[in-house]
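Structure first, commentary second.
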Amino acid sequence: MNQQFDNRFDELNRQTNDRFDAMNERLDAIHEAMRTQTRWAIGVLALFGTMTTVLMAVAVFGG
Numbered sequence: 722m723n724q725q726f727d728n729r730f731d732e733l734n735r736q737t738n739d740r741f742d743a744m745n746e747r748l749d750a751i752h753e754a755m756r757t758q759t760r761w762a763i764g765v766l767a768l769f770g771t772m773t774t775v776l777m778a779v780a781v782f783g784g
């Protein structure tokens, strides 16, 4: 009887671990996508800031 319970708990534990592993893989993929999007957003903001600064400098000192 105890062996039967042990087997059932082992199977339940294995299924739970499989679910957590799948969830961890999905979270890792989401994290990577968010990190990539954040890098792009920071890069675009830096580019726009640089372009704005250059245009303002040209307007003030060049014209």
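Using this note's numbering, read the sequence shown as starting at 722 and increasing by one per residue.
Beta carbons are placed, not taken as given, at the ideal position from N, Cα and C, and that holds for glycine.
Because the structure is a prediction, the values reported are computed rather than measured.
Run of the alpha helix (DSSP H) containing residue i, from where it starts to where it stops
i	result
residue 755	723 to 782
Separation of residue j from residue i, as counted between CA atoms
i	j	result
residue 730	residue 724	10 Å
residue 741	residue 760	28 Å
residue 762	residue 768	10 Å
Neighbourhood of residue i by C-beta, 7 Å cutoff - its chain only, sequence neighbours within 5 removed
i	result
residue 756	none
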